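Down below is the structure, laid out as structure tokens.
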Amino acid sequence: MIATDLIGIEDLECADIELILETAERMQELGERAVKKVPTLRGRTIVNLFFEASTRTRTSFEIAGKRLSADVINFSTSGSSLSKHESILDTARTLDAMQPDLVVVRHHVAGVPKRIADELDSPVINAGDGWHEHPTQALLDMLTVKQEKGRVDGLTVAIVGDISHSRVARSNIYGFLKMGAEVRVAGPPTMLPPGIETLGVKAFTSMREALDGADVVMALRIQLERLSGSLFPSVREYSDTFGLSRATLRYAKDDAIVMHPGPVNRGVELSHDLADHRPSVILDQVRNGVALRMACLYLLAGRERAIDPAVRS
Amino acid sequence: MSNDLPQSPAADAPAPQGSPAQANVVLDDAAIRRALARISHELIERNEDLSSLYLVAVPNGGVPLARELAKNLRELGDVDVTVGILDTTLYRDDLVGRGERPRLRRTEMPSVVDERVVVLVDDVASTGRTIRAAMDALMDFGRPRSVQVVALVDRGHRELPIRIDYVGKNIPTHATDNVLLEGEGGDLDGPLRVVVVTPSRTGRDGA
Amino acid sequence: MSRLLLRGGRLLDPASGRDETGDLLVEDGVIVAVDRKINTRGAEVLDCEGKWICPGFVDLHTHLREPGQEYKEDIASGGRSAVAGGFTSVACMANTQPVNDDPAMTDYILDRARQDSPARVYPVAAATKGLAGEVMTEMSALVDAGAVAFSDDGKTIMDSGVMRRVLEYSKLVGRPVMTHAEDRTLVADGVVNEGPVSTRLGLPGNPAVAETVHVSRDIMLAELTGAHLHVAHVSTAGAVAEIRAARERGVHVTAEVSPHHLTLTDESTSGYDTNTKMAPPLRSAEDVRACRVGLADGTLDAIATDHAPHAVHEKEVEFTAAPPGIIGFETAYAVVMAVVREDDLPPLELVRRLSTEPARILGINAGTLAVGAPADITLVDPTRRWTYDPTKGYSKSRNSPWAGCELEGRVEVTIVGGRLVFHTDRGVLAP
């Protein structure tokens, strides 16, 4: 690993991604044992610092930490630092004084995990920041694709939905491109961020063109509150134009798989039958999440900022 | 490097650059096969119920040795012994240290271990810490009837009260020596050999 | 009788076009002689070899935070920071608490400035009451109290009808209306320039067109009313083009640009440092280029710092929650020297935009080295290198993107009304 922290896939080398995926595959075997817990992180403290409500990701990190025998402390708070009259960096310094071995941060604003990492001695894993990145989600998505398809290199991945407001989209764009896949994004023009092509993807406003020949189709969750920002006119029009169903999936390859970071708005971005059955791999994604996060905790806990240059050389 | 736990967490790192080291072959492929043949006989002698044997290799060096033992037992005892692979990395006692984490290796345990006579197979035994880690890992799979240990080389320097039941060869070494099982062709699937790598001590001795 | 002789410096006087090595004599607060060689006795002598002798810099866009937010800055600390940056006159915006929309408040600010500030302070009064964008202020009374211009800066007058009336009415007092031109509906929640950088960072974008649209509207209203429109902190190529075109057809529009919009791009925000959050935001490299061209050709008349102090704890928050703005007095000259070095902007032109033009826009008696003018003088060393440490500065705040940066070009001495108020070795000396 080149870095002490996992803030974004943008910062990772291809070899880092491969190491994390390989480690996660090893971790998957633990889930089949009678005793699913290993003593690796005994005596270590992992803090889940969640500024944004999240049951799924927090639980996934919590199980991952506990399977490695770490003491996992959940520190959840919502609202901005302004409403609490405590600055983000003060929160970080308070936490640092408690000497955690690793901190997992989620925040509804982009950049906060990085600012906290800059302030802390312990490694930081970004569990999702605003519209910026959600690296562990992208890594578990890549792991799922690798296990389904046997490879990532050379595949065509289509990401459909609200690209502008999606950290999952950004992390997956970086990740799949680094691993040699072709990445396409599709959505209403109001949900395609300006300059998205500079990341190396092709942008489409037609499902037929975006899905043509795709191996992987990833639907993103539509935030229904975006309606008020007049980014799309109605749920019905969205699901008619960008909803994924067996009919639209016919544009993709015959053996294409369907992914979704969850939770699914059934009947909006995914039709009911697709959400539950093959070729959807949504529950595999969730399952892979625990092993993937164990891999990240294992590789990062114990890392030290001071030794960074030595590690790099 | 043996699978015994090294002093430094940089487990898979090559010998440090800049100190010219000398490598002596102490066991060649034929010698290794002779030693394993002998151990196979000892296994048969000491275990009445061969069908309960379960060879569990500690990767990477233990894997080709366990396969060879299984082949011998098939020929000598007409029995198909289960072979498993058990990575001990997550049970290591040096992970509290700081720094780069060692790479995990594959674990494949094809059968349950309950009521089986598990024979741990390692290439080089030294401090005993790897065997300790392997036994802890084993207990997370179930409750074996008993556990025995095979090591191709026992180089001494034990730090834990661990006894090796079947030793291919005792090789006295200096603590700074490195004892390695390697493939002659580079990988462990072909002919094997054991080398002792001795770091040059000329500088230190002032000779 | 106090006499001060500045000897052997490069005299840069944009008002007269003078650019030559020579001496300057100050007597009782007034410039009494400027010549190649002045022989006099009994004067204190300041050796100016290798230095530029400039008319004191004038900053027509600052926030001194008093009254109401003295924890960020007050008129005393702001004034000290100003003279440490070579600014002898500063115009302070009306978004204090309470708002400077009342003659009594203008009076209060001027009173504090007389007591506490080594720099001359010129209040800009609010254009609408409470900066609410609805009801215009008592412009005549405010000018009588000492206001030099009108602005709702920090907020934008979105109601076109109100803006039209404000511009129209301002002709009664003959003072400029300074517009903070950002269409709020287009800005929405935007905190960084909209484009590849905002997309990469995952922060809400503020599109360049939000500024251009609003500048266009205000220019049309200035054209309709014949009033003097001043566009604050221009940041986009589109706005520069609009202003240039308006000038050519004779609209009375002036404009300023900040040191940061001349030198930094949105790429500076990559580390999520809230000290790179401004309103308007740092823009693309093309916008920076257009601003430099505009500065060189005179479309952008003045350089103004938009000095906007915020306390450390206010900036140590989420990028979206942080207040926009940076402090700018003490780095302004060194930062804009990059334009002189990189784009061959003649030093005389740089001084024109730091002193003569902003003085003309505000209608104040400054910005010249003419004999008989008040002795407001800034002495700079154009090549001296130094490392900026905001904790050692005079502002109460530290929110600067240049913290820890090595800069080239340094203010050496600042003189206000003939009094030495800042010396680089001795610090701020008065009041």
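Residue numbers (this note's numbering), protein chains in the order written: chain A, 757 to 1069; chain B, 9 to 215; chain C, 1008 to 1438.
Ideal placement from N, C-alpha and C gives every residue a C-beta, glycine not left out.
What you are looking at is a predicted structure, and each value in this text was computed from that prediction instead of being measured.
- Spanning the alpha carbons of aspartate 1109(C) and lysine 1178(C) requires a straight line of approximately 19 Å.
- Cβ neighbours of proline 795(A) within its own chain (closer than 6 Å, five residues either side excluded): Ser825.
- Pairwise C-beta distances place the region 1061–1079 of chain C in contact with the region 1379–1388 of chain C, as three or more of them are shorter than 8 Å.
- Taking 7 Å as the threshold, the shortest C-beta distance from glutamate 785(A) to chain B falls below it.
- Using a CB distance cut-off of 7 Å, proline 949(A) counts as an interface residue toward chain C.
- Identification of chain A residues near glutamate 1201(C) by a Cβ-Cβ cut-off of 9 Å yields Pro949, Pro950, Gly951, ordered along the chain.
- A distance below 6 Å between beta-carbons, with the five flanking residues on each side excluded, links valine 1131(C) to the following residues of its chain, in chain order: Ala1098, Met1100, Ala1101, Ala1156, Ser1158.
- Bridge pairing for cysteine 770(A): absent [DSSP].
- In the three-state reduction of the DSSP assignment, isoleucine 915(A) falls in the strand class, which pools E and B.
- Within chain A, the C-beta atoms nearer than 8 Å to that of tyrosine 99(B) come from Val794, Pro795, Thr796, in chain order.
- In terms of beta-carbon proximity, isoleucine 763(A) stays away from the interface with chain C, with every pair separated by 7 Å or more.
- Pairing lysine 1322(C) with valine 1342(C), the inter-Cα distance amounts to about 22 Å.
- Look at the region 1153–1164 of chain C: it has no residue with a C-beta under 7 Å from a C-beta of chain A.
- Contact annotation: glycine 1140(C) and aspartate 1166(C) have beta-carbon atoms nearer than 7 Å.
- Within its own chain, the residues whose Cβ lies closer than 6 Å to the Cβ of alanine 1246(C), once the five positions on either side in sequence are excluded, are Glu1218, Thr1219, Val1222, listed in chain order.
- The C-beta distance from valine 158(B) to valine 129(B) rounds to 5 Å, short enough to meet the 8 Å contact threshold.
- In terms of CA proximity to alanine 1047(A), Glu785(A) leads the group Glu785(A), Glu769(A), Gly764(A), Ala759(A).
- Sorting Arg1360(C), Val1319(C), Ile1038(C), Glu1145(C) by C-alpha distance to the C-alpha of glutamate 842(A) places Val1319(C) at the top.
- When C-alpha distances from arginine 907(A) are compared across Val972(A), Leu948(A), Ile915(A), Met783(A), the shortest belongs to Val972(A).
- In terms of beta-carbon proximity, glycine 92(B) stays away from the interface with chain A, with every pair separated by 7 Å or more.
- When rounded, the separation of the alpha-carbon atoms in alanine 970(A) and proline 118(B) is 37 Å.
- The C-beta of glycine 999(A) comes no closer than 7 Å to any C-beta of chain B.
- Taking the beta carbon of leucine 1055(A) as reference, the chain B residues within 9 Å of it are Glu108, Arg109, listed in sequence order.
- Look at glutamine 784(A) here: in three-state DSSP terms it is helix.
- Residue nearest to leucine 948(A) within the set Val861(A), Ser962(A), Asp761(A) is Ser962(A) (criterion: CA-CA distance).
- Taken in chain order, the whole beta strand (DSSP E) runs of length 3 or more contained in the region 137–179 of chain B are 154–162, 174–178.
- Valine 791(A) belongs to the set of residues whose beta carbon lies under 7 Å from a beta carbon in chain B.
- Given a length threshold of 4 residues, each whole run of the alpha helix (DSSP H) inside the region 39–125 of chain B is given here in chain order: 70–85.
- Look at tyrosine 1115(C) here: in three-state DSSP terms it is helix.
- About 6 Å separates the Cβ atoms of leucine 81(B) and valine 87(B), confirming a contact at the 8 Å cut-off.
- Around the C-beta of glutamine 1122(C), fewer than 16 other C-beta atoms lie within 10 Å, and the residue is accordingly described as exposed.
- The distance from the Cβ of valine 1238(C) to that of alanine 1215(C) is about 14 Å, inconsistent with a contact at the 8 Å cut-off.
- Beta-bridge analysis with DSSP links proline 1381(C) to Val1037(C).
- Sixteen is the threshold: when 16 or more other Cβ atoms of the shown chains lie within 10 Å of the Cβ of valine 127(B), as they do, the residue is buried.
- Among the residues facing chain A, threonine 115(B) is included, as its CB has a counterpart in that chain under 7 Å away.
- For valine 1090(C), the closest of Arg1433(C), Arg1426(C), Thr1421(C) by C-alpha to C-alpha distance is Thr1421(C).
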